[in-house]
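A short write-up of the structure that comes next.
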Amino acid sequence: MSSRWKTVLSTLAMAGPAFIAGAWQFGPGNLASAVEAGSKYGYALIWVVVLSTVFMLVYADMSVRLGIRTPTSLISSVKDILGHRFGVAAGFGVFIITLCFSVGNAVGSGLGLSMVFGGSPLIWTIACTAFVALILLFRNVYRIVERVLLVIVGLLGAAFIISAVIAKPDWYMALDGVMPSAPSGSLLLIVALVGTNFSLNAAFFTSYGIHERGRTRGEYRQTSIADTIPGIVAPGIMTALVIVVAAAVLESQNAEATSLVGLAKIFEPIAGPIGSTIFALGLSGAAFSSMVANATAGGTMLSDALGRGASPGTPTAKVTCAAILAFGLAITIMFTSSPIQLIIVAQALTVLVAPFLGFLLYVMSNNRQLMGDLRNTWWKNALGVLGFLSILSLSGVLVYELMTR
């Protein structure tokens, strides 16, 4: 084998941690928000996904560098540098976010599988939840999760590219959607799109994957090329494609999709049953991948915050994983009447905790003693401040909206 091919293969071997973050953020909540964005506002909200992906990439890069530099784990270093309370609060903050995400994952898994195979969505939700719980019982949990999610993200990308080809959108109008605008009544949806695409909890967890893989300073550039950039950009592209597909399908059929099932049905006149099946498989794949990553991340970081170990294989992490899965299942059983709106509201609520995680990533990645030559550059700090202010302002807007309703 030539040295050139060895270099290519060694670079590809770096893929993993950021793809887990991407799989976590591209779940049913993201899909539901994107479907509603395209259904109600056409191409107008594509700019939210583009801007959120840029900010997500900046914060994921911070987390990658922290994963290389932290001696034990990110939360342990937060405790050492900023104080024990900050570390514990970070762990519990991520845990709260994972509870919100678990609702969308549970609902989406049941809907997607029932659309493909028939039967009750609730039964499929229970089956999928039980299967994920079984996966998380394995000893070498992280590596299993990483391999499964790499495959699923690849398949999802192919599915949504095919969907975009089938839908035949107006790409010039889609480009217009990159220009910021806020149509009347779109505020909650914008918050939900930011909450899923600028997922600071997923960015935060990336450092754990980097540490688990034993990445070094010398591997930082390769990691960025093979993992961080594609792992974060791919979900952003897929989300934008979903908005484009929803807008194009509605325009061509002069119909309205008020649910994920409704959008899948609209595909049938264009591509027959295969159009609906492709979308349903994408939904179930997104739900499954996000469910695995969500439970793993929440369990690992709460365990770390409690001083019980920074690995998904610890007993505390596994109990927490089970609690996250059970919560999503319980809420799904309780609120079966309007599952799509439930997903979107749950996703929007994640921005209430996200600013705190963003603050920790920003401060820690600027610590000279910890980071050395991997400390933030001026332009990463500039983008980091803009991202932090955007998520902070959206949190304020959401609180105002909830209080005035």
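Counting along the sequence shown from 1, when you hit position 184 you're at 184 in the numbering used here, and nothing is skipped either side.
All C-beta atoms, glycine included, are put in the ideal place defined by N, C-alpha and C.
Alpha carbon to alpha carbon, what distance is there between residue j and residue i?
i, j, result
"Val399", "Gly218", "44 Å"
"Leu12", "Ala203", "Any reading at Leu12 needs caution, since the residue's pLDDT is 39, under 50, leaving its predicted position unreliable; the model's value is listed next. Taking the straight line from one Cα to the other gives about 20 Å."
"His211", "Glu36", "37 Å"
"Val245", "Ser39", "9 Å"
"Thr377", "Ser63", "14 Å"
"Leu122", "Leu136", "21 Å"
"Ser109", "Ser289", "10 Å"
"Lys318", "Cys100", "18 Å"
"Ser52", "Val194", "6 Å"
"Val54", "Phe335", "34 Å"
"Trp5", "Leu374", "Bear in mind that the predicted position of Trp5 carries a pLDDT of just 39, short of 50, making it unreliable; the figure below should be weighed with that in mind. Looking at the two C-alpha atoms, the distance is approximately 28 Å."
"Ile333", "Thr125", "9 Å"
"Ile161", "Gln369", "45 Å"
"Leu283", "Gly372", "42 Å"
"Lys380", "Gly119", "49 Å"
"Thr72", "Ser390", "31 Å"
"Gly214", "Ser224", "15 Å"
"Asp304", "Ser76", "7 Å"
"Tyr362", "Gly384", "7 Å"
"Ala158", "Met238", "9 Å"
"Pro443", "Thr350", "The chain is shown only over 1 to 405; residue 443 falls outside these bounds and no answer can be derived."
"Leu394", "Asn367", "27 Å"
"Gly185", "Ala21", "30 Å"
"Ala330", "Leu66", "36 Å"
"Thr404", "Ala226", "46 Å"
"His84", "Thr70", "16 Å"
"Phe205", "Val48", "23 Å"
"Gly209", "Val50", "25 Å"
Which same chain residues end up closer than 6 Å to residue i when comparing Cβ atoms and leaving out the 5 residues on each side of it in sequence?
i, result
"Lys79", "Gly87"
"Leu386", "none"
"Ser311", "none"
Please return the same chain residues whose Cβ sits closer than 7 Å to the Cβ of residue i, not counting the five positions on each side in sequence.
i, result
"Gln25", "Thr196, Asn197, Ser199, Ala202 and Pro235"
"Ile46", "Ala174, Gly177, Val178, Ala240 and Ile243"
"Ala133", "Ala322 and Leu325"
"Ser114", "Ser120, Pro121 and Trp124"
"Thr314", "Ser303 and Arg308"
If the criterion is Cβ atoms closer than 8 Å, does the pair residue i and residue j meet it?
i, j, result
"Ser207", "Leu306", "no"
"Ile190", "Val353", "no"
"Gly328", "Ser102", "yes"
"Ala167", "Ala248", "yes"
"Met364", "Ile232", "no"
"Ala280", "Gly112", "yes"
"Val58", "Ala297", "no"
"Ala44", "Ser181", "yes"
"Thr216", "Ile68", "yes"
"Pro169", "Tyr41", "no"
"Thr316", "Gly309", "yes"
By Cβ distance, which residues of its chain are closer than 8 Å to residue i, with the 5 residues on each side in sequence left out?
i, result
"Leu187", "Val397 and Glu401"
"Tyr172", "none"
"Phe92", "Leu302 and Ala305"
"Phe388", "Pro355, Gly358, Phe359 and Tyr362"
"Tyr220", "Val64, Arg65, Ile68 and Leu374"
"Val8", "Bear in mind that the predicted position of Val8 carries a pLDDT of just 36, short of 50, making it unreliable; the figure below should be weighed with that in mind. Taken in chain order, the list of residues that qualify is empty."
"Ala127", "Leu113"
So residue i packs on residue j, CB below 8 Å; how close in whole Å?
i, j, result
"Ala60", "Thr228", "6 Å"
"Leu360", "Ala90", "6 Å"
"Val116", "Thr277", "6 Å"
"Leu302", "Pro355", "The Cβ separation is near 19 Å, so there is no contact."
### Task
Evaluate contact between the stretch 103-114 and the stretch 27-36, counting only Cβ atoms and requiring at least three cross-stretch pairs below 8 Å.
Contact between the stretch 103-114 and the stretch 27-36 is established, with three or more Cβ pairs separated by less than 8 Å.
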